[in-house]
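Engineer: Protein sequences, first through last, are from chains D and S.
Terminal number for the first sequence in the numbering used here: 350, no gaps in between.
Terminal number for the second sequence in the numbering used here: 530, no gaps in between.
The C-beta atom is built at its ideal place from N, Cα and C for all residues, glycine as well.
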Amino acid sequence: MSQGNDMLEVARQAAALARKAGAQQAAAITERAREVSVDWRDGKLEKLADHTSRGLALELYVDGRYSRVSTSDLRPEALPRFVEDSVALARALEPDPFRALPEPGLCQGQATVDLQLEDPALAGLTAVRRRELAQAVEAAARQVKGAGAIVSVTTGFGDGQAELHRVHSDGFEGTRRTT
Amino acid sequence: MAIGDRMGRRRFLELSAAGLTVAGAGDLLACAAVRPGGATAGISYFERFGITEALLAEALSAALSRGADAADVFVQHRVSSSLTLEDGAVNRAFVNVELGLGVRAVKGDQQGYGFSEDLDPRAVRECALTAASIADGPARGAPQRFHVAGRLPSRYPVRLRWEEVRPGQKLPLLTGLNARAFAADPRVQKATVSFGDEYGAVLVADSQGRIVEDLQPMTRLALSCVAEQGGKRETGWYNVSARSGLEYYTPERLDRVVREAVARTTVLFEAVPAPAGEVPVVLAAGSSGILLHEAIGHGMEADFNRKNTSIYADRIGKPIAQPFVNIVDDATLDGARGSINVDDEGNAAGRTMLVEGGVLRTYLHDAISARHYGLASTGNGRRQSYQHPPQPRMRATYMLNGPHRKDEIIASVKKGIYCTNFTNGQVNIGAGDFTFYVKNGWLIEDGKLTRPVKDVNVIGNGPKVLEKVDMVADDLAIDEGGWTCGKNGQGVPVSQGLPTLRVSSITVGGRGKA
């Protein structure tokens, strides 16, 4: 997906801001996702939706305390204040001493096997093809035995792509792309 | 409460004809002055996020660029915070900030929708063009200026605003409730307290040139107890919610939360199995309204009727209940969780008479269904957030008082069940078939409440149960709990209520003898 490097950079910035604000450890997770869906009802297009979302989640470990915050407001001027307020919130809590990031050693030696979670062919899926697929399912439903009793048929087709980055304050970085 | 899937079969869980609108029908946004220039008309809260009249006009222009009949832009900023106390410690906190914008284009009954969490003009235009592709025709003109309402109702004024309340001011609510729960009954072994608050605003601008902003606060507090007696354990809870600020948590309200949570838990130690079979069922005033909401109210949402999938699809103007049954859906209750000053399409949100004198008068409409039926919207177009297009949704749904008295109703039952508190269940929206689990209830024997019951399910069909309502009392109570209604993957806050009423018979799944 486009702008993936931007989102990785946001995660890095957030982890660094958390440390600067006083967190001993922080995990920053950013995600950008696109979802497209088509609803087809009784022979015509009912609903078409094309969504692109982005967001940051931050796990904070502050003086033996823990909190988790998230935001879709990634404006550069908003992020520092958001992180500072979040660290202050964690400080107000009671200790949760068993919470911590995994030991850095446990995150080393990651498998390089391709789990094929991303289907590149999906990028070539057209709006027309999505409609055809939803339309075909309705047509099939109306051809089964007893279809004369059908009052209404709604079918749908949806697909999506997502790219997630995880950055730990101790240096771990990982990225996952899925469709 | 309700978590639905796309086919309408749904479960619910807690804590987890527009012309007949009594008030509020009409165009809330039409009576406005257009600012001659300078500051952007109607944009106050969202000015800080760079939302301008020009940005909205450009988005609407793009949304109408392929011939849609209408278009709207929905902007939202919401900050949600939650704290949880467990095992005596408040050590879980979550904050979520939502900022984004959704653009919708409507062509007949069809709609295209796109949203963006990037408020840059190019990103906004891109999602508007996505929405526009629902249509395929010549462009329509979009407004360049917007007019604002003269005055929105003020149904949820806030004195102590959540954006100004520090975490240290919230924590005593949780620790205090925890201490009081243990002090209330020595059988209480564990308490969990969860607290949440929200602040923020929504903005709607549409292709008619209307614009409105609404500040929408919310808060919720829940206490869950585990008690032990003689080696047996029972759980119970109580929760309260409102569109309000910190001032909502009065000592009286906090006392009630503790009292109800502990009582609902410990009464289960005395509970006996309920009779099984067809018996008269009395629904207590208040939270029993969940049955009205789930099994009946959803069938009155216009989209299910427009698609001919509701049992009420051909029942407008026809009797569906006894003449003393009146049901409303109301956005006007002060501070109620389900109240709104304006719906998420910018339409006035009032009090809609659904059933009057036992006759079905109207469905709950959003803009699409209202156009379909040739009516005005009832102000029920609601959405979970900017990530979703609006659809017809309930607000606060309840039955009005009837001609009977609670004691008269109880006295009329030889053997039956009195249901005070429901939890999980399942509803088929279109047909109205339901099962509900009665968490708290009582046996009625010879016209008296005798023993508490537990492990009871009631099973039936909502519209048929409504036909069997043969007594309605004069003690309407709106439940103060934190109900969230789910439909098509969207959750919205709602309220509901009921006066005490009698259903002549419902199938009860219990382990005792009828």
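Flag D:A208 as yes if its beta-carbon sits less than 7 angstroms from any beta-carbon of chain S, otherwise no.
Structural biologist: Looking up residue 208 of chain D in the first sequence gives position 37. The question names Ala, but residue 208 of chain D in the sequence shown is Ser. No, no contact with chain S.
Engineer: Measuring only between beta-carbons, confirm whether S:I150 sits less than 7 angstroms from chain D.
Structural biologist: What you label residue 150 of chain S is simply residue 134 of the second sequence in a count that begins at 1. S:I150 counts as touching chain D.
Engineer: Please classify S:D43: does DSSP put it in a helix, a strand, or coil?
Structural biologist: Start at 1 with the first residue of the second sequence, and residue 43 of chain S comes out as number 27. Low confidence applies here, because S:D43 scores a pLDDT of 31, under 50, leaving its location unreliable and the question unanswered by this model.
Engineer: Between D:T242 and chain S, is there a C-beta pair that is closer than 7 angstroms?
Structural biologist: To locate residue 242 of chain D, count along the first sequence from 1; it is residue 71. True, the Cβ-Cβ gap to chain S drops below 7 angstroms.
Engineer: Looking at C-alpha atoms only, which residue of S:R175, S:P169, S:F285 is the closest neighbour of S:V469?
Structural biologist: Against the second sequence, residue 469 of chain S aligns to sequence position 453. It is S:F285 whose Cα lies nearest to the Cα of S:V469.
Engineer: Can the beta-carbon of S:A147 be found less than 7 angstroms from the beta-carbon of S:Y172?
Structural biologist: Residue 147 of chain S sits at position 131 when you count from the first residue of the second sequence. Residue 172 of chain S sits at position 156 when you count from the first residue of the second sequence. It is not a contact, given that the beta carbons lie outside the stated cut-off.
Engineer: S:Q400 versus chain D: which residues are under 8 angstroms apart at the beta carbon?
Structural biologist: Counted from its first residue, the second sequence places residue 400 of chain S at position 384. Those do not exist, as S:Q400 stays about 13 angstroms from chain D at its closest Cβ, beyond 8 angstroms.
Engineer: What residue does the alpha helix (DSSP H) around S:V358 start on, and which one ends it?
Structural biologist: By 1-based counting over the second sequence, the position of residue 358 of chain S is 342. First-last for S:V358: undefined, no H or E at that position.
Engineer: Would you kindly work out how many angstroms separate the C-alpha atoms of S:D319 and S:R377, rounded to a whole number?
Structural biologist: Stepping through the second sequence from its first residue, residue 319 of chain S is reached at position 303. Stepping through the second sequence from its first residue, residue 377 of chain S is reached at position 361. Their backbone Cα atoms lie some 16 angstroms apart in a straight line.
Engineer: 7 angstroms is my cut-off, CB to CB: does D:L260 come that close to chain S?
Structural biologist: Mapped onto the first sequence, residue 260 of chain D falls at position 89. Yes, its Cβ sits closer than 7 angstroms to a Cβ of chain S.
Engineer: Compare the beta carbon distance of S:H381 and S:S393 with 7 angstroms and say whether it is the shorter of the two.
Structural biologist: Translated into the one-based positions of the second sequence, residue 381 of chain S becomes position 365. Translated into the one-based positions of the second sequence, residue 393 of chain S becomes position 377. Their beta carbons are under 7 angstroms apart, which means S:H381 touches S:S393 by this criterion.
Engineer: Restricting to Cα atoms, I'd like to know which of D:P275, D:L229, D:H222 is closest to D:V181.
Structural biologist: Locating residue 181 of chain D in the first sequence gives position 10, counting from the first residue. Considering only alpha carbons, the answer is D:L229.
Engineer: How about S:L72 and S:A221: are their beta carbons less than 7 angstroms apart?
Structural biologist: As a first step, residue 72 of chain S must be located in the second sequence, where it is residue number 56. As a first step, residue 221 of chain S must be located in the second sequence, where it is residue number 205. For S:L72 and S:A221, yes; Cβs fall inside 7 angstroms.
Engineer: Cα-Cα, which of D:I321, D:T283, D:A192, D:Q332 is closest to D:A292?
Structural biologist: Along the first sequence, read from residue 1 onward, the residue named residue 292 of chain D stands at position 121. Checked all of D:I321, D:T283, D:A192, D:Q332; the closest Cα to D:A292 is D:Q332.
Engineer: Here's a check: name, in chain order, each residue in its chain whose Cβ is nearer than 6 angstroms to the Cβ of S:R527, leaving out the five neighbours to either side.
Structural biologist: Taking the second sequence and counting its residues from 1, one reaches residue 527 of chain S at position 511. These residues qualify, in order along the chain: P289.
Engineer: Residues in the region 433–459 of chain S with C-beta within 8 angstroms of chain D's C-beta atoms, listed in sequence order?
Structural biologist: none
Engineer: Going along chain S in order, which residues have a C-beta closer than 7 angstroms to the C-beta of D:H222?
Structural biologist: Taking the first sequence and counting its residues from 1, the one referred to as residue 222 of chain D is at position 51. Chain S residues near D:H222: G130, F131, Q403.
Engineer: Taking a contact to mean a Cβ-Cβ separation below 7 angstroms, would you say S:A144 touches S:V119 in this structure?
Structural biologist: Within the second sequence, the letter at position 128 stands for residue 144 of chain S. Within the second sequence, the letter at position 103 stands for residue 119 of chain S. Closer than 7 angstroms, so yes.
Engineer: Does S:G54 get closer than 7 angstroms to chain D when you measure Cβ to Cβ?
Structural biologist: Position 38 of the second sequence, counted from the start, is the residue given in the question as residue 54 of chain S. Low local confidence applies: a pLDDT of 42 at S:G54 is under 50, so the model's placement there is unreliable, with the coordinate-based value given in what follows. Closer than 7 angstroms: no.
Engineer: Alpha carbon to alpha carbon, what distance is there between S:P509 and S:E317?
Structural biologist: As a working note, residue 317 of chain S is residue 301 in the second sequence. As a working note, residue 509 of chain S is residue 493 in the second sequence. Roughly 16 angstroms between the two C-alpha positions.
Engineer: Identify every residue that forms a DSSP beta bridge with D:H232.
Structural biologist: Numbered from 1 along the first sequence, position 61 holds the residue referred to as residue 232 of chain D. The amino acid at residue 232 of chain D is misidentified as His; the sequence shows Tyr. According to DSSP, D:Y232 bridges with D:Q196, D:Y237.
Engineer: Does S:L115 have its Cβ less than 7 angstroms from a Cβ in chain D?
Structural biologist: Reading the second sequence from its first residue, position 99 is the one you call residue 115 of chain S. At least one chain D Cβ lies under 7 angstroms of S:L115.
Engineer: Express the C-alpha separation of D:E206 and S:Q92 in angstroms, rounding to a whole number.
Structural biologist: One-based indexing of the second sequence puts residue 92 of chain S at position 76. One-based indexing of the first sequence puts residue 206 of chain D at position 35. If I take the Cα positions, the gap works out to 20 angstroms.
Engineer: What residues in the region 287–319 of chain D bring their beta carbon closer than 8 angstroms to a beta carbon of chain S?
Structural biologist: Identification of residues in the region 287–319 of chain D having a C-beta nearer than 8 angstroms to some C-beta of chain S yields A298, given in sequence order.
Engineer: Consider the Cβ of S:G24: report whether some Cβ of chain D lies at a distance smaller than 7 angstroms.
Structural biologist: Translated into positions along the second sequence, residue 24 of chain S becomes position 8. Note that S:G24 has pLDDT 32, beneath the 50 cutoff, so the model's placement of it is unreliable and no number is given.
Engineer: Identify which residue in D:D177, D:R225, D:V209, D:K191 has its Cα closest to the Cα of D:L296.
Structural biologist: Counting from one through the first sequence, the residue named residue 296 of chain D turns up at place 125. Checked all of D:D177, D:R225, D:V209, D:K191; the closest Cα to D:L296 is D:V209.
Engineer: What number of angstroms, rounded off, separates the C-alpha of S:R467 from the C-alpha of S:A292?
Structural biologist: Sequence index remark: in the second sequence, residue 467 of chain S carries index 451 (1-based). Sequence index remark: in the second sequence, residue 292 of chain S carries index 276 (1-based). Rounded to whole angstroms, the separation of the alpha carbons of S:A292 and S:R467 is 16 angstroms.
Engineer: With a threshold of 6 angstroms on Cβ separation, who are the neighbours of S:D43 within its own chain once the five nearest residues in sequence on each side are excluded?
Structural biologist: For the purposes of this step, residue 43 of chain S is taken as residue 27 along the second sequence, with counting starting at 1. Unreliable positioning characterises S:D43 in this predicted model, as indicated by a pLDDT of 31, which lies under 50. The coordinate reading is nonetheless provided below. Same-chain partners within the cutoff: there are none.
Engineer: What is the C-beta distance between S:Y61 and S:A217, in whole angstroms, given that I count them as a contact (C-beta under 8 angstroms)?
Structural biologist: As a first step, residue 61 of chain S is located in the second sequence; it is residue number 45 there, counting from the start. As a first step, residue 217 of chain S is located in the second sequence; it is residue number 201 there, counting from the start. Contact holds; Cβ gap of about 4 angstroms.
Engineer: Quick check: what's the CA-CA separation for S:G507 versus S:W458?
Structural biologist: Here the question's residue 507 of chain S lines up with position 491 in the second sequence. Here the question's residue 458 of chain S lines up with position 442 in the second sequence. If you take the alpha carbons of S:G507 and S:W458, they lie about 32 angstroms apart.
Engineer: In chain S, which residues lie with their C-beta within 9 angstroms of the C-beta of D:P266?
Structural biologist: Along the first sequence, read from residue 1 onward, the residue named residue 266 of chain D stands at position 95. Residues of chain S with a Cβ closer than 9 angstroms to the Cβ of D:P266 are, in chain order, A105, N107.
Engineer: List the DSSP bridge partners of S:I397.
Structural biologist: For the purposes of this step, residue 397 of chain S is taken as residue 381 along the second sequence, with counting starting at 1. It should be pointed out that residue 397 of chain S corresponds to Gly in this sequence rather than to Ile. DSSP output for S:G397 lists S:P408 as bridge partner(s).
Engineer: What did DSSP end up calling S:A34 once you bin it into helix, strand or coil?
Structural biologist: What you label residue 34 of chain S is simply residue 18 of the second sequence in a count that begins at 1. Bear in mind that the predicted position of S:A34 carries a pLDDT of just 25, short of 50, making it too unreliable to give a figure here.
Engineer: Give the interface partners of S:E127 over in chain D, defined as CB-CB distance under 9 angstroms, in chain order.
Structural biologist: Counting from one through the second sequence, the residue named residue 127 of chain S turns up at place 111. Checking the sequence, you will find Gln at residue 127 of chain S rather than Glu. Neighbours of S:Q127 on chain D, chain order: E217, K218, L219, A220.
Engineer: For S:T413 versus S:G313, is the C-beta distance shorter than 7 angstroms?
Structural biologist: Within the second sequence, numbered from 1, the residue matching residue 413 of chain S stands at position 397. Within the second sequence, numbered from 1, the residue matching residue 313 of chain S stands at position 297. Taking 7 angstroms as the cut-off, the Cβ atoms of S:T413 and S:G313 count as close.
Engineer: Helix, strand or coil, according to DSSP, for S:A78 in the structure here?
Structural biologist: As a working note, residue 78 of chain S is residue 62 in the second sequence. Three-state result, S:A78: helix.
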